[in-house]
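Working notes, structure below.
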Amino acid sequence: MMTDRWLNYVLSVVVVLGMVGVAIYNQPRDRQERAEFLDQELTELEADDWEPPSDRDPVQLQRRAEAAPVDDDEEEVVEETELLDEYGVSASHPVAVDVGMQVLDAGGNAVDAAVAVAYALGVAEPFGSGVGGGGSLLLHPTEGEPRYYDYRETAPLSGELPASDIGVPGFVAGMEHIHEQHGSLALDSLIEYAARLAEDGVEVDDYLAARLQGAAYRMPIHLLPRWFPNGTPIAAGETLHQPEYAEALRMIQEQGAEVMYTGELAEQIADTVGGLELEDLAAYEVLETEPAVGSFAGRRIVSGGAPVSGPPVIQLLQIADAGGIADLDPYGVDGIHLMAQAWRAANDQRSAFVGDPSMEDVDLDALLDPAYTQALADAIPDDGFVPVGEDEGAISFETDTTHVVVVDRDGNVVSMTNTLSNFFGSGLPVSGFFLNDQLKNFDPEPDSINAIAPGKRPRSFVTPTVVLDDQDRPELAIGSPGGRRIPNIVAQVIVRWAAHGQPLEEAIMGPRFHLERSRLELEESVGGDASSQLAARGYEVTTQVPTTEYFGGVQALRIDWDQRTIEGADDTRRTGTWASGGG
792 MMTDRWLNYV LSVVVVLGMV GVAIYNQPRD RQERAEFLDQ ELTELEADDW
842 EPPSDRDPVQ LQRRAEAAPV DDDEEEVVEE TELLDEYGVS ASHPVAVDVG
892 MQVLDAGGNA VDAAVAVAYA LGVAEPFGSG VGGGGSLLLH PTEGEPRYYD
942 YRETAPLSGE LPASDIGVPG FVAGMEHIHE QHGSLALDSL IEYAARLAED
992 GVEVDDYLAA RLQGAAYRMP IHLLPRWFPN GTPIAAGETL HQPEYAEALR
1042 MIQEQGAEVM YTGELAEQIA DTVGGLELED LAAYEVLETE PAVGSFAGRR
1092 IVSGGAPVSG PPVIQLLQIA DAGGIADLDP YGVDGIHLMA QAWRAANDQR
1142 SAFVGDPSME DVDLDALLDP AYTQALADAI PDDGFVPVGE DEGAISFETD
1192 TTHVVVVDRD GNVVSMTNTL SNFFGSGLPV SGFFLNDQLK NFDPEPDSIN
1242 AIAPGKRPRS FVTPTVVLDD QDRPELAIGS PGGRRIPNIV AQVIVRWAAH
1292 GQPLEEAIMG PRFHLERSRL ELEESVGGDA SSQLAARGYE VTTQVPTTEY
1342 FGGVQALRID WDQRTIEGAD DTRRTGTWAS GGG
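Listed below in structure tokens is the structure:
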């Protein structure tokens, strides 16, 4: 009976996919017609009231797989599809890494694990990401081309900036959309890990305690008694219970993303945030856009597309490559000068030409053309200093994000960055989660490519990235928090690893630097001689960075295809970690 039911389910899927395929072949081609067409198709599918069998629980799936008769030939084919002996997870909190490994241990794929980790991080590190924010995900599947998904926050349909700078959250829609396309385990089972964490509580570490202390001045403490018992931040070592957040997660489990955009949670958000209406939430859409693709040191680089900073980070790498960074000491004066000026050029290009591609003409092919980046490299003076130009808004915005990397045994790779923008976003809670303040990242200049518009996504510095080997297989997946410094953080690790042959851990732990207008910020380990020589070239050099986490916390995994293993490294600037298993 179970086998017949499963066959009926598979046949139903084939029939529905065939119907959709025929419809897509005949669909309209312009944007408005496509939107109307897709809306009509979804309405018709919903009217059919078709859904898969309810027994999609991962435990039931595993039991059926174990019970089903499989001949030796079929078993051999399954084994051949497992390209690696190991799988792995890298994330900014050990509890979230453990969740991801549990999903992979249970037979989930990279997308399943990434979704579970993302939800878990919203509970374990609620200052960095969560249901009230958004993000972007780069998937390099085992077969086919890379896919880039944008589920970042959007402006209201009025085109007006809310006083709170809160945008329509995209996280829940993004996780559901990506899981529908690529997930293998039941979505509610993946959210279950986070719901239980919220109910059972997580231990407050020093990092969370410090973030609460630093953000208390702009948070409604009277609405957050669990976070601020007796009006003061909960101390490190205490257990933080989040039952309201758990209830919201249970609603998402039961009702799907609909509850966040047209249901009870949507109503709570609209009632709480002045300037956001129910219509704004109901209109939200996840976008799949063109990833940024370039090259560095003979390797193909794939990163998030506009409006995130994949294009400028690839420009930075190509400019540095053309300028001869492989022949320079990456920590020496000439190497730092070249990288700083490469960032200056790439950031200028970003400011002028990178915006929301659904509303602006963003020509990635032109921006990433090797001849174009060679010309930008040729314009860099050998000794002179050119400051980074003015950019939109205040420098401090989007100070925190969280990055996740997952590799499954089949070689699927996910590089994902989620954010609330500032620590705890706006600081405003709804049903236990914090709402973002992402709309601060729009440019106040009305003629800017990054000016606010109805439903528009602001620019971001996040750069979920994958580096491919000479056979076009993903070899390194990487990303980092760090606000405006993210492109430099990611690029510097890639340069040291790919061009200078440093082991991954050494490349990650090497000293970092960032050019902010005329100010060159260096970690103290760069060295005094370099500082004085760079100052002589005109840089305003400083090693007085605010905190150790100022230069981010890289999350990265490297695949050794010869050994079929996974390697990671801990960036001790923050609390991230990694794990591998299955070997």
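Add 791 to a position in the sequence shown, counting from 1, and you land on the number used in the working numbering. Beta carbons: idealized from backbone N, C-alpha and C, even for Gly.
Item, Value
"Report back the beta-carbon spacing between GLN1283 and MET1130 to the nearest angstrom; my notes put them in contact at under 8 Å.", "7 Å"
"Start and end of the beta strand (DSSP E) containing GLU1312?", "1310-1313"
"Give me whichever residues DSSP pairs with ARG1349 in a beta bridge.", "LEU1267 and GLU1358"
"Once you ignore the five residues that flank ARG1141 on each side, which residues in its own chain have a CB closer than 6 Å to its CB?", "PRO1103"
"Measuring straight from C-alpha to C-alpha, what distance separates LEU1378 and ASN900?", "Here the chain covers residues 792 to 1374 and nothing more, so residue 1378 does not appear."
"Classify ASP997: buried if its beta carbon has 16 or more other beta carbons within 10 angstroms, exposed otherwise.", "exposed"
"Taking one C-beta from the segment 879-899 and one from the segment 954-963 each time, how about it: are there three or more such pairs within less than 8 Å?", "no"
"Hey, could you find the ends of the beta strand (DSSP E) GLY1085 is sitting in?", "1083-1087"
"Got a sec? Which residues, its chain only, sit under 8 Å from GLY1175 by beta carbon, not counting five neighbours each side?", "ARG1328 and GLY1329"
"For ALA1370, does the three-state DSSP call read helix, strand or coil?", "strand"
"Considering only C-alpha positions, which residue in the set ARG1200, ASP1228 and LEU895 is nearest to LEU874?", "ARG1200"
"If distances are taken between C-alpha atoms only, which option among GLU1076, ALA905 and LEU1155 comes closest to PRO947?", "GLU1076"
"What is the residue span of the alpha helix (DSSP H) that TYR1052 lies within?", "1049-1052"
"With a cut-off of 8 Å on the beta carbons, I'd call ASP1191 and GLY919 a contact; round off their distance for me.", "5 Å"
"Count the other CB atoms within 10 Å of the CB of ARG820; is the residue buried (16 or more) or exposed (fewer)?", "With a pLDDT of 37 at ARG820, under the threshold of 50, the modelled position of that residue is not reliable, and the figure given next carries that caveat. Exposed, since its Cβ has fewer than 16 Cβ neighbours within 10 Å."
"Closer than 8 Å by C-beta to ASN817: which residues in its own chain qualify, once you throw out the five before and the five after it? Chain order, please.", "Confidence at ASN817 is low in this model, with a pLDDT of 40, below 50, so its placement is unreliable and no value can be given for it."
"Note down, in chain order, each residue of its chain lying with its Cβ closer than 7 Å to the Cβ of ASP896, except the 5 sequence neighbours on either side.", "GLY1372"
"Is it buried or exposed, GLY974, if we count other Cβ atoms within 10 angstroms and call 16 or more buried?", "buried"
"Hey, is the segment 1109-1119 in contact with the segment 1244-1261, meaning 3+ C-beta pairs nearer than 8 Å?", "no"
"Where does the unbroken alpha helix (DSSP H) through GLY965 begin, and where does it stop?", "962-973"
"Confirm the yes/no value for this check: CB of VAL1284, any heavy atom of the ligand MG, distance under 7 Å.", "This structure lacks the ligand MG, and indeed carries no ligand of any kind."
"Just to confirm my understanding: we take GLN1109, look at its own chain, exclude 5 residues before and 5 after, and list those with CB closer than 6 Å. What are they?", "GLY1085 and THR1164"
"Which same chain residues, not among the five before or five after ARG1275, have their C-beta less than 6 Å away from its C-beta?", "PHE1252"
"Just to check my reading of the structure: ASP1353 and ILE1299 have Cβ atoms closer than 8 Å, yes? What is that Cβ distance to the nearest angstrom?", "Going by Cβ atoms, the distance from ASP1353 to ILE1299 rounds to 22 Å, so no, they are not a contact pair."
"Is the beta carbon of HIS931 sitting closer than 8 Å to the one on PRO1265?", "yes"
"Within the continuous beta strand (DSSP E) that includes LEU1306, where are the two ends?", "1304-1307"
"Using the C-alpha atoms, what's the distance from SER1239 back to GLU1033?", "In the sequence under discussion, the amino acid at residue 1033 is Gln, which differs from the Glu named in the question. GLN1033 and SER1239: Cα-Cα distance of roughly 41 Å."
"Give me the Cβ distance between ALA1057 and LEU1040, rounded to the nearest whole Å; I'm assuming they're in contact under 8 Å.", "At roughly 15 Å, the Cβ-Cβ gap does not stay under 8 Å, so ALA1057 and LEU1040 are not in contact."
"Taking DSSP as the reference, what is the three-state secondary structure of TYR940?", "strand"
"Considering SER920, what are the terminal residues of the alpha helix (DSSP H) in which it resides?", "SER920 -> no alpha helix (DSSP H), and no H or E assigned at all."
"Pull the bridge partners of THR1256 from the DSSP assignment, please.", "SER1094 and ILE1269"
"Just the C-alpha distance for GLU1297 and PRO1016, rounded to the nearest angstrom, thanks.", "43 Å"
"Quick check on GLY809: buried or exposed, where buried means 16 or more other Cβ atoms within 10 Å of its Cβ?", "Confidence is the limiting factor: at GLY809 the pLDDT is only 43, short of 50, which leaves the residue's position unreliable, though a coordinate-based value still follows. GLY809 comes out exposed."
"First and last residue of the beta strand (DSSP E) that includes VAL1177?", "Looking at the DSSP string, VAL1177 is not in any beta strand (DSSP E), and its letter there is neither H nor E."
"Helix, strand or coil: which one does DSSP assign to ALA1242?", "strand"
"Which one of ARG1250, ALA1061 and ASN1209 has the shortest CA to CA distance from GLU1151?", "ARG1250"
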